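Count along the sequence shown starting at 1, add 1422, and that's the number in our numbering.
Glycine included, C-beta positions come from ideal geometry on N, C-alpha and C.
Predicted, not measured: the structure shown is a model, and the values here were computed from it.
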Amino acid sequence: MLSNELKLPNYYEDPSSLHIGCEDNRSYYIPFALENTNESSRILTLNGNWDFRYYENPFVLEDFTKLGYSYKNYDSIPVPGCIQMYGYDHHHYTNIPFPFAYDAPYVPQQNPTCVYHKSFDITEENCNYLQYLNFEGVDSCFYVYVNQTFVGYSQVSHSTSEFNITPYIRLGQNDLTVVVLKWCDGSYLEDQDKFRMTGIFRDVYVLHRPKEHIRDFFIKTQLNNIYKNAQIEIKFNYRSVSVPTTCTLFDTKDQIISTKTVQDAMLAFELENPTLWNAEEPYLYTLKIETPDEIIYQKIGIRCIEIKNDIIYINGVKIKFKGVNRHDSDPVTGYTISREQVLKDLTMMKESNINAIRTSHYPNAPWFTQLCNEYGFYVISESDLEAHGATQFYGGSSFDTFGDLVQKEIFAKSILDRNQRNVIRDKNNPCIIMWSMGNEAGYSKAFEDTGRFIKAYDSTRLLHYEGSIHETGGHKNDTSMLDVYSKMYEPISGIENYLATNPKPYMLCEFIHSMGNGPGDIEDYFECIYKHDRFVGGFVWEWCDHAIYRGITTNGKNIFHYGGDSNEFPHDGNFCVDGMVSPDRVPHPALAEYKNVIRPVRAFLLDAATGKIKLQNMLDFTNLKDYVNLQAQLLYDGEVVETYELGTVDVKPHETTVLNITINQAYFKQTKSLSLKINYVQIFDKPLTKAGHLLGFDQLMLKEHNRPLVHAKDYHQESIQTEENSSLILLKGTNFRYVFNKMQASFDSLTIDNCNIIEKPLEYNIWRAPTDNDSTIRNEWESAGYNRALVRVYETTLTNKNNVVKISCRFAINAIQIQHILDLNVTWTIGSNGTITLDLDGKRNTALPFLPRLGLRLFLPKEYNAVEYLGYGPNESYIDKHRSSWFGRFKSNVENMYVDYIKPQENSSHFHCEEVILSSSTGKNIHVNAAAPFSFQTSRYTQEELASKAHNYELLQSEHTVLCLDYKMSGIGSNSCGPALANQYQIREEHLSFQMTLQF
Ligand code: IPT
1423 MLSNELKLPN
1433 YYEDPSSLHI
1443 GCEDNRSYYI
1453 PFALENTNES
1463 SRILTLNGNW
1473 DFRYYENPFV
1483 LEDFTKLGYS
1493 YKNYDSIPVP
1503 GCIQMYGYDH
1513 HHYTNIPFPF
1523 AYDAPYVPQQ
1533 NPTCVYHKSF
1543 DITEENCNYL
1553 QYLNFEGVDS
1563 CFYVYVNQTF
1573 VGYSQVSHST
1583 SEFNITPYIR
1593 LGQNDLTVVV
1603 LKWCDGSYLE
1613 DQDKFRMTGI
1623 FRDVYVLHRP
1633 KEHIRDFFIK
1643 TQLNNIYKNA
1653 QIEIKFNYRS
1663 VSVPTTCTLF
1673 DTKDQIISTK
1683 TVQDAMLAFE
1693 LENPTLWNAE
1703 EPYLYTLKIE
1713 TPDEIIYQKI
1723 GIRCIEIKND
1733 IIYINGVKIK
1743 FKGVNRHDSD
1753 PVTGYTISRE
1763 QVLKDLTMMK
1773 ESNINAIRTS
1783 HYPNAPWFTQ
1793 LCNEYGFYVI
1803 SESDLEAHGA
1813 TQFYGGSSFD
1823 TFGDLVQKEI
1833 FAKSILDRNQ
1843 RNVIRDKNNP
1853 CIIMWSMGNE
1863 AGYSKAFEDT
1873 GRFIKAYDST
1883 RLLHYEGSIH
1893 ETGGHKNDTS
1903 MLDVYSKMYE
1913 PISGIENYLA
1923 TNPKPYMLCE
1933 FIHSMGNGPG
1943 DIEDYFECIY
1953 KHDRFVGGFV
1963 WEWCDHAIYR
1973 GITTNGKNIF
1983 HYGGDSNEFP
1993 HDGNFCVDGM
2003 VSPDRVPHPA
2013 LAEYKNVIRP
2023 VRAFLLDAAT
2033 GKIKLQNMLD
2043 FTNLKDYVNL
2053 QAQLLYDGEV
2063 VETYELGTVD
2073 VKPHETTVLN
2083 ITINQAYFKQ
2093 TKSLSLKINY
2103 VQIFDKPLTK
2113 AGHLLGFDQL
2123 MLKEHNRPLV
2133 HAKDYHQESI
2143 QTEENSSLIL
2153 LKGTNFRYVF
2163 NKMQASFDSL
2173 TIDNCNIIEK
2183 PLEYNIWRAP
2193 TDNDSTIRNE
2203 WESAGYNRAL
2213 VRVYETTLTN
2223 KNNVVKISCR
2233 FAINAIQIQH
2243 ILDLNVTWTI
2253 GSNGTITLDL
2263 DGKRNTALPF
2273 LPRLGLRLFL
2283 PKEYNAVEYL
2293 GYGPNESYID
2303 KHRSSWFGRF
2313 KSNVENMYVD
2323 YIKPQENSSH
2333 FHCEEVILSS
2343 STGKNIHVNA
2353 AAPFSFQTSR
2363 YTQEELASKA
2373 HNYELLQSEH
2383 TVLCLDYKMS
2393 GIGSNSCGPA
2403 LANQYQIREE
2413 HLSFQMTLQF
C-alpha cells in the first residue's frame, strides 16, 4: 500500500454527511439516579488530560485502529481546551475573509489533524445501562472510535453531539479515540469574527441511562390574556416505548405545588396567579421528572413574549433590551469557558444594568442559558452560522455576493441542521426570548425553510435574522416568518426613517461598536430607543476584547496579541479588540458609560430653586422602592457641600414621581456653579450584586457658572524687559525669562525662577493619536496634513506698556502640499509676574475635514505629576462620551489618568473643564483657566508615540509630562463599524475663538 492514504471516510468535505452515528437532537439535561444527591452518579466526566498527537494533515495519520497500537509516546493535552493555546498549529484571527480558498465544500488539504485518546472505565454498577457519549463542543469536526471501532462523525462546533456507544463498550477499561480536523465543509458556515481555534473545547462525558428512558421533552408556558393564570405544558418523547413518568412542580422554597403523571406523553399544570419570570425578577419553579430508574430536574420560568401592535411585550409589559453581544473568549483558555468565567461576565453585566445577551454568533455551552435563567438575562440564542466571507471575492468586498454560499443547494441541509441543534437543545430555557438563525450569512430559500421550521416547532418565541436584509443572487427574500426587523450599526436617522415607514418592531442586534476609545454615541441611541415603543433596544458590539495572552514584559505589562501578530493571512488586525472589557475582564471606560446610560432611574430637573425633580423608573418590572435607595449630593463649584438621604421612593415600572429636595437657598446667592448629583444605590443583596452597589447617577445643573477668565496684567508694578530681533523676542521679568519664537507664533522657552516650565517649544496642536473610531476619517485628516501641520507667521507686533507685554501674530496653520488649514490671529499677553494669556481668533478652512482638536501642547518637566481639575471626571470624557463622569473637582496624577487601550490611541481627555492645576513634586504649579469650558489631557505618552505603536506594551514614555490644553476636542463616536461621527460632535465651525490663561 502507498503511504499517506486517507484513513478517514471523507465526511469532512461532504455537506450531505453532517452527523454519522449520532443521536437525534434533544433538550439538554443531565439525568440523576433515584437517590437524592447533589451530583449525578449517572455522568462519567471525561474531562482531564488526554493523550494527544498533532498531524499536519489527515493523510499522514497513523492507523490507530490496528491491533496493539500504543498511545505511549503521545503528548498530553487538557480537555476541554483549544490546541492553539497549547502551542499546536498557530493563532489566526480573521473576521470576514475566509481563512481558506472559496472552494466549498472543499477545505485545504493541509488540514491540521489531531488525535485525542482517553481510557475510561465502565464499572459493574453501570455496565447494564446504555452508554451515551456526549461532546458539547468540538471545532470543527470529529471522528469517534471506541475500542478501535468507528462509532461516528459529527460537526457544528458549538453544538452537542451524542453517540450511543453501548454496542462498543466492555466492562472495565475502554479506549476512546477522537480525530479532530481543523477544517470541514462546516467551516464555511462558521466564519465568525473570532480567532480560529481547534479542538475538543467543551465538556465530554458519558451518560449511563436505563434501557428505556425519556429522550426529549418540551416545556411551553402560556399565560391567559390578563397575564394572571398560567399553563405549563410538557410534551415527552421516549427512546422507544414510554415509561411511567411522574412530574412534580416545586416553588423556590421546595414546596410541592402539584404532582401529576404523564398521560399520552404529555402533561399540563394549571397555575393560578403564578410568579412570573423576567430578567429583573427571574423566578424559577423546579420540575422533577421521575421515571422508574431516573430523575431529571428542570427549571421552569413562566413568561410569555408577544408582539401586539408591532410592539414587543414580555408578560404584557413593553420592554427594552439593554444588551451585549458575547463571545466565548478568554486570552488564556480561548473558547473554553468555565462556569466561574461565565459568572464573572454575568456579574459584571448585572452590575452594569445590562439585561440581555445575544450569544454571538453560536450557541454557548448548554449550562450558559441555565445561568441566564437563574440570574435573569434575556437571551437571543444564535445558531452556529455565519458566512460573510462570501462578500470578499476578487474585485473587492461586495454585498452583492452575500448569498452566494447559502444559496448553494448543498448547504441547505446544514443551515437547517445548525438551527435545529440550537433550538432543540436550548428550548426549555425561559431566558431565551428570541431565536437567531445566525449572523451575516446572506439569505436564501434554505433560511426561509429553516425559519418556517423554527416558527412551527416553537411558537412561543420570536425569530430574528439580520442577514435577511440583503437580497442577492436573484433570490426574492421572503421574511414573513421573521418577527423583528433587525439591523446593525444603523445611524439614528436611518432608524427614525424605518420607524416612520415600516411596521415590524425594530431591533439593533449590533450597535455602539465598542472598539478602543468609544463608543461616543450611546446616549443618543438610547434617547431614540426610549422614544419609540417599537424600538426594542439593542446589543452592544461587543462584551470583551479577544486577544491571546503572551506573557508579560520585563516591566510587568501584559502582552496581548491580536490579528497579524502570528504572521497569519488573512487577518483583521485589532478588529477583535472591540469590547467593553479587556480580554482579562478589566472594564474599559465604555462599560461605565453604557452602565450609566442604561441606569435604572432617570432624573429631570423641574425647578432648580425649589429642588423639584421628576424621577422616572426605567425598569420594566420592578418598583423602585424594591431596588433603589436614593442619595443626593449638592455640589458647589464641583465639591460636595451637602448630602441628602432620600431613601426609597414608590414608583412603579415606567412611571414617574415628583420629589422636592430642600436646598439651602444661601448656595444660590453665591457665584459659582451648583448641581445636584443623585446616586442610585442598590438597596438589597441580589444573587450577583450586593446592597450598596452604585447602579448609576444623574447630575442636574441647578446653576451654571463659568469662572471668568483671569487675564494677565500688571500685578506688582514691575516692568518687563524685552529684546527683539527678526526671529525671537526675549522677555525678562523679575522672576521669569521667556523666549518667544516669531516664526512659530509661540514660546520656545518659559523659565521661572531659573526653572524650565516647558522643556520643548510650546505648540499649536490640531492632531490626536487616531482612535479606532477615527480609522476612516484618519485618512482624510492625514491627506489634509493635520498630522504634520506647520506654522507660517506673516506678522508679529510687540508692545510693552504699563508693565504688560503683548505679542500679536497673524499666522496660518498649513501643511506641505496643502492649502491653509487655519488662518489665525493670536495675542499673547504677559503680565508682570509671568502670567500668560492667549487670545486666539481665526477661521478654519471649511473645505477641509473637521479638526481632531485645537489647542496647545506643552512639554513639562516630568516632575509635574499631580493633577487637579474642575470638569468632567473621573473617567475620560469627551463631548459625546461623558455619561459616566460628572462635573466636579477631581485629583489624580498623570499615570493614573492614562487609559491603557491594547492598541494605543487618543485617551484620557477631560471635557468641559473650567480649571486645571498641575503640580510638581517640588511644589511648583501651573494653573490654567479659560473664557469658556475647555478640554485637557495629561500623559506620559506623546500622541506621536501612541499613534505609531501597535500594542500598549511597546509604548515608550516621554521624557516629559505632556499637557494638552484644547479649545475643543472632537467627539469619539463609533465609526470603527458604526456611523460617522455626528456633526454636532465635530470641530467644524468656521470661526474659532479661544482665550486661556496660564499662571505659574
Ligand atoms: C459585524 C459582525 O456581525 C460582527 O461579528 C463583528 O464582526 C462586528 O460587526 C465588527 O466588529 S461585521 C461588520 C463588518 C458589519
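Contact check for alanine 1778 and phenylalanine 1833: beta-carbon distance about 30 Å, past the 8 Å limit, so the pair fails to qualify. DSSP, read as helix, strand or coil, puts methionine 2123 in strand. Listed in chain order, the beta strand (DSSP E) runs fully inside the segment 1630 to 1691 are 1636 to 1645, 1652 to 1660, 1668 to 1672 and 1678 to 1683, counting runs of at least 3 residues. Cysteine 2231 is bridged by DSSP to Thr2218 and Val2248. Three or more beta-carbon pairs separated by less than 8 Å link the segment 2191 to 2198 to the segment 2323 to 2330, which places the two stretches in contact.
Distance from the CA of serine 2307 to the CA of asparagine 2351, rounded to the nearest whole angstrom, comes to 20 Å. Contact annotation: the segment 2388 to 2407 touches the segment 1928 to 1943, with at least three C-beta pairs closer than 8 Å. In terms of CA proximity to serine 1463, Arg1631 leads the group Tyr1515, Ser1662 and Arg1631. In the three-state reduction of the DSSP assignment, glutamate 1445 falls in the coil class. Rounded to the nearest angstrom, the gap between the Cα atoms of valine 2073 and aspartate 2107 is 20 Å. Counting only runs that start and end inside the segment 1916 to 1980, the beta strand (DSSP E) elements of at least 3 residues fall at 1928 to 1933, 1957 to 1962 and 1970 to 1974. Between valine 2213 and glutamine 2166 the beta-carbon gap is near 5 Å, inside 8 Å, which marks them as a contact. Taking the Cβ of glutamate 1912 as the reference point, every heavy atom of ligand 1 lies at 6 Å or farther away. Beta-bridge annotation (DSSP): leucine 1552 is paired with Arg1631.
Contact annotation, arginine 2266 with valine 2384: C-beta distance approximately 24 Å; criterion of less than 8 Å not satisfied.
Take glutamate 2064, set aside five residues on each side of it, and the residues of its chain with a beta-carbon closer than 6 Å to its own are Leu2056, in chain order.
Burial state of proline 1925 is exposed, judged by a 10 Å Cβ sphere holding fewer than 16 other Cβ atoms.
The distance from the Cβ of threonine 1599 to that of histidine 1539 is about 5 Å, consistent with a contact at the 8 Å cut-off. Under the three-state reduction of DSSP, alanine 2369 is assigned to helix. Distances taken from the Cβ of glutamate 1612 to the heavy atoms of ligand 1 include none shorter than 6 Å.
With the rule of 3 Cβ pairs closer than 8 Å, the segment 1703 to 1713 counts as touching the segment 1659 to 1671. Annotated as proximal: serine 1890 and threonine 1901, with beta-carbon spacing under 7 Å. Burial check for glycine 1470: the Cβ neighbour count within 10 Å stays below 16, so the residue is exposed. Bridge pairing for tryptophan 1857: Ser1803 and Leu1885 [DSSP].
Annotation: the continuous beta strand (DSSP E) that includes aspartate 2029 extends over 2023 to 2029. The Cβ-Cβ distance between leucine 2262 and phenylalanine 2422 does not fall below 7 Å. Looking at the DSSP output, cysteine 2335 bridges to Phe2356.
Each of Gln2239, Met2040 and Gly2256 was checked against the Cα of aspartate 2136, and the nearest Cα belongs to Gly2256.
DSSP places arginine 2159 inside the beta strand (DSSP E), whose first and last residues are 2158 to 2163.
When secondary structure is reduced to three states using DSSP, asparagine 1841 falls in the helix class.
Within the DSSP bridge table, the entry for glutamine 2417 names Asp2261 as partners.
At the C-beta level, glycine 1574 and valine 1566 come within 7 Å of one another. The shortest CA-to-CA distance from leucine 2096 to any of Glu1831, Tyr2102 and Gln2087 is the one to Gln2087.
Set against 6 Å, the gap from the CB of aspartate 2000 to the closest heavy atom of ligand 1 is smaller. Look at the beta carbons and you see the segment 1489 to 1498 not touching the segment 1611 to 1624: under three pairs across the two are nearer than 8 Å. Under the three-state reduction of DSSP output, glycine 2277 falls in the strand class.
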